[in-house]
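Taking our numbering, the leading residue of the sequence shown gets 33, the next gets one more, and so forth.
Glycine is no exception: its CB is placed at the ideal position from the N, C-alpha and C atoms.
Fair warning: this is a prediction, and the values are worked out from it, not measured in the lab.
One structure is given below, encoded as structure tokens.
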Amino acid sequence: MTDRSTDGWRVVRPDREGRPTHDRLGEAALYAMFWYQSFYTDHESPIIPCEAAYRTPNSRTLVDYSHPITAGWDGDALLPYAAAGETGAESVTAVPRGYVWKLAWDRPADARTFADAYRELLSIHGASRVSNSTDTYRIPETSGFAGVTSLRVTNATVLVVKGPSVEAVREIRPGAVPDAVSADAGQDDTTGVRGPGLGVVAVLVGLATVAALAVLARRRR
């Protein structure tokens with residue numbers, strides 16, 4: 033994973049030598065990210081229903097992490113960022129944070145399936161599409177996952193970029209947000225992130241944000 037950020041952001045690097053600058057979440061973590069939404073919404077809007085993880089009815093053993101949304105996973109890398117100038121003394125939630133998450137899939141169809149589910153996850157957390165954009169979403173400040181997310185699908189690859197604002201996402205990963213989207217762009221009039229060309233619906237933020245913060249916290253130790 034190549035760091036392409038501008039001077040306003042820096043990669044949060046591990047304290048110990050020899051460790052990679054990026055982290056891999058893995059297929060099981062992706063499954064858990066979507067599965068968790070069933071509990072988050074009190075089973076009203078499950079992406080992966082709670083019972084789907086168990087091989088036999090009424091069982092809490094033999095967990096099965098296989099699902100069409102994540103079955104085509106072929107690797108991923110998450111690169112966490114912090115605002116430049118942050119000293120490291122503050123809590124991981126006290127300063128501007130972001131990440132670039134790149135996922136590889138077996139086929140373009142697998143990448144699109146994941147992206148559709150990710151948009152649904154974003155929608156669960158109140159995301160709306162940013163004006164003049166087809167792939168940039170804002171989660172409101174009232175959510176614990178507030179911020180702006182860019183979701184791009186290129187062939188069998190999905191690129192997710194998260195930051196506190198449109199401009200931050202643009203600085204963390206130049207090119208992630210189209211030039212037509214202004215830094216102070218508001219939300220579309222549409223509710224959620226559903227819309228023409230978006231497939232099944234809206235997706236992510238939940239566990240990916242938690243995972244990114246966990247990576248940051250682990251590297252601070």
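If you ignore the 5 residues before and after Arg205, its C-beta comes within less than 8 Å of the C-beta of Arg36, Ser37, Val132, Ser182, Leu191, Val193, all in its own chain and listed in chain order.
Excluding residues up to 5 positions away in sequence, Leu154, Ala159, Arg161, Thr181, Val225 lie with their Cβ nearer than 6 Å to the Cβ of Tyr169 in the same chain. Residue range 140-156 is occupied by the alpha helix (DSSP H) that includes Asp142. Cβ atoms of His54 and Leu110 come within 8 Å of each other, at about 6 Å. For Ala208, the number of other beta carbons within 10 angstroms of its own is at least 16, and it is reported as buried. Boundaries for Ile79: no alpha helix (DSSP H) harbours it, and the DSSP string shows neither H nor E there. Counted as a single uninterrupted DSSP element, the alpha helix (DSSP H) harbouring Val201 occupies residues 198-204.
In the three-state reduction of the DSSP assignment, Tyr68 falls in the helix class. Thr102 counts as buried, since no fewer than 16 other beta carbons sit within 10 angstroms of its beta carbon. If you check the CB distance, Arg184 and Asp167 come in under 8 Å. About 5 Å separates the beta carbon of Gly104 from that of Trp137, a gap short enough to meet the 8 Å contact definition. No Cβ-Cβ contact shorter than 8 Å links Ala114 with Gly40.
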